[in-house]
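In the numbering used here, the protein residues as written are 8 to 186. The structure under discussion appears below in the form of structure tokens.
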């Protein structure tokens, strides 16, 4: 199998911190989506430039590599969206914790195994968001897990039984607010 090279947590954190220090705009709003590669090229350390790795019988210098994503998704959020995005990310995880707490308190003894499974999945996703880049499969799993817990915990209850017209209006407003 080919060698897979990725930045370390230390390298990623240095690049993100230096990116956020560049300007007040970067501190609050970040550089923008998918611009970590430019930040890495600008702020990578000199130790990285002089390092090498061995692939088979070849010694390959790292100075020619450029990474388009950091070691963890949290670093990606901070570099792309700044402190505002980082705080929003933490608020989503706090909402997840509150929803799971409500779900845990409302379950019966027969549902406890399912609750442990969903809780374990959430813990694994939280750890993965810190130490690994997210891909689309992990994001879909996160939102499905969150939706299941929210539905089971009755976090968001919308009544559509009053009239079909009011229900349609609520549905249209909900969809428009997502776009």
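Backbone N, C-alpha and C define an ideal beta-carbon position, used for all residues, glycine too.
Whole-Å CB distance - residue 47 paired with residue 69, under 8 Å assumed: Incorrect: roughly 12 Å between the Cβ atoms, too far for contact.
Supposed close pair residue 34, residue 27 - CB separation, criterion 8 Å: Contact annotation, residue 34 with residue 27: C-beta distance approximately 5 Å; criterion of less than 8 Å satisfied.
Whole-angstrom distance between residue 124 and residue 131, CA atom to CA atom: Distance from the CA of residue 131 to the CA of residue 124, rounded to the nearest whole angstrom, comes to 11 Å.
Run of the alpha helix (DSSP H) containing residue 17, from where it starts to where it stops: It spans 16-28 - the alpha helix (DSSP H) in which residue 17 sits, taken as one unbroken run.
Beta-carbon gap between residue 137 and residue 81 smaller than 8 Å: Contact: yes.
Closest by C-alpha distance to residue 25, when choosing among 52, 141, 173: Ranking the options by Cα distance to residue 25, first place goes to 52.
Beta-carbon proximity check, residue 12 vs residue 72, cutoff 8 Å: Note that the C-beta distance between residue 12 and residue 72 is below 8 Å.
Collapsed DSSP secondary structure at residue 62 in the structure displayed: In the structure shown, residue 62 sits in a strand (DSSP, three-state: E or B).
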